[in-house]
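Colleague: The sequence shown finishes on residue 309 if you use this note's numbering, and the numbering steps up by one all the way, no holes.
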Amino acid sequence: MLRQFDVIVVSDRFKADPAQDTQQFTPPLTDPALGWFFVDNINKGLENSEAEWIVIATDRVEVTREFLNSLAECNASFPMADALAPRIKAAGKFHGGSIIAKNGDFVQISENSPIRFVAGPHPDVAAFSRRIVQRTGRVDTTLPARFQLTDYALRMLHAGGRMLSVPYLVIEGAAAGEALDPKEYNAGCVRTLYKGLGIAAAGKFALRHPGAWPALFKGLKALNAKREAAISLSKMTPEMLADIKE
């Protein structure tokens, strides 16, 4: 019987060390229906996960029993959602997933946003159903960590899945991690847009951020191969795309 949840906690401090026993990382709670993986690479956790739903989180958020109970309620209430984008409560403010703005950039949804589909989750936490992970495959860890889950969520659209933001699915967390420098941010953003949505979306972003063009064309052959793999037999419709835009 499958576990209900697996939690993949991702941090550089969990890098493999032959002199270090990774089992020393003690889960904050235990349950027969719950598995834990402490990794420095998301795919290490995905490869071993066997649960119906998989929570991917950094060590900047607190995965508690209350959060998992709320997640289970959302799973039951919104069976049409293949993935969920929790909101993070940090320093009295709420930080949620992102949509694609009219100017082509990713923009975080407002604190008062209703239930809606999003282009990607907050970089620190997301939940995916096992069925959509099986259809979408591995996370592209060549991208900056800031964009790995957003890239995955966009690729998920082509696999026929959608990510839903539910205002009352909230997890406690710390303030946002260290920001990328603008060059690295723009490079990650334009490559994410190109892979998931093509040259029109990437070009719209690059026209506003000209420094992103070199990142798009560097290694374009490999990037095209990844894009082709993502969109092959795509199930994404115009309506699905419209739902993740401002």
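All C-beta atoms, glycine included, are put in the ideal place defined by N, C-alpha and C. Remember, predicted model here, so these are calculated numbers, not experimental data.
How far does the beta strand (DSSP E) with A120 in it reach, from first residue to last?
Modeller: Along the sequence shown, read from residue 1 onward, the residue named residue 120 stands at position 57. Looking at the DSSP string, the run of the beta strand (DSSP E) that includes A120 is W116 to T121.
Colleague: Would you please state the rounded distance, in angstroms, between the beta carbons of I178 and S228? I believe it to be under 8 Å.
Modeller: As a first step, residue 178 is located in the sequence shown; it is residue number 115 there, counting from the start. As a first step, residue 228 is located in the sequence shown; it is residue number 165 there, counting from the start. With 8 Å as the limit, I178 and S228 qualify as a contact, their Cβ atoms being about 7 Å apart.
Colleague: Below 8 Å between beta carbons: does that hold for G236 and D168?
Modeller: Residue mapping note: residue 236 aligns to position 173 of the sequence shown, counting from 1. Residue mapping note: residue 168 aligns to position 105 of the sequence shown, counting from 1. No, the pair does not count as a contact, with Cβ atoms beyond the cut-off.
Colleague: For the alpha helix (DSSP H) holding M303, just list the boundary residues, first then last.
Modeller: In the sequence shown, counting from the first residue as 1, residue 303 sits at position 240. Where M303 is concerned, the enclosing alpha helix (DSSP H) stretches over P301 to A305.
Colleague: Closest to T205 by CA distance: which of M219, E129, D214 and A146 is it?
Modeller: Here the question's residue 205 lines up with position 142 in the sequence shown. Taking only the C-alpha atoms, the option nearest T205 is D214.
Colleague: DSSP three-state call for V229: helix, strand or coil?
Modeller: In the sequence shown, counting from the first residue as 1, residue 229 sits at position 166. V229: coil per DSSP, three-state reduction.
Colleague: Work out the CA separation of P95 and D244 for me, nearest whole Å.
Modeller: Position 181 of the sequence shown, counted from the start, is the residue given in the question as residue 244. Position 32 of the sequence shown, counted from the start, is the residue given in the question as residue 95. Each residue's Cα considered, the two are about 42 Å apart.
Colleague: I'd like the list of long-range same chain contacts for G159, defined as Cβ closer than 7 Å, with 5 residues on each side in sequence excluded.
Modeller: For the purposes of this step, residue 159 is taken as residue 96 along the sequence shown, with counting starting at 1. Cβ within range, chain order: A148, R150, Q171, I172, S176, H185 and S228.
Colleague: Within 10 angstroms of the Cβ of R201, are there 16 or more other Cβ atoms? Answer buried if so, exposed if not.
Modeller: Here residue 201 refers to the residue found at position 138 when the sequence shown is read from its first residue. Result: exposed.
Colleague: Does the beta-carbon distance from V118 to A190 come in below 8 Å?
Modeller: As a working note, residue 118 is residue 55 in the sequence shown. As a working note, residue 190 is residue 127 in the sequence shown. Going by C-beta atoms, V118 is nearer than 8 Å to A190.
Colleague: Helix or strand or just coil, what does DSSP make of S173?
Modeller: Taking the first residue of the sequence shown as 1, we reach residue 173 at position 110. DSSP places S173 in coil when its eight states are reduced to three.
Colleague: According to DSSP, simplified to helix, strand and coil, what is I195?
Modeller: Taking the sequence shown and counting its residues from 1, the one referred to as residue 195 is at position 132. Note: I195 maps to helix in three-state DSSP.
Colleague: Using only the alpha-carbon positions, how far apart do Q67 and E302 sit?
Modeller: As a first step, residue 67 must be located in the sequence shown, where it is residue number 4. As a first step, residue 302 must be located in the sequence shown, where it is residue number 239. Approximately 31 Å between the Cα atoms of the pair.
Colleague: Apply the 10 Å Cβ neighbour rule to G274 and answer buried if 16 or more other Cβ atoms are within range, or exposed otherwise.
Modeller: For the purposes of this step, residue 274 is identified with residue 211 of the sequence shown, where counting begins at 1. Its Cβ having fewer than 16 others within 10 Å, G274 is exposed.
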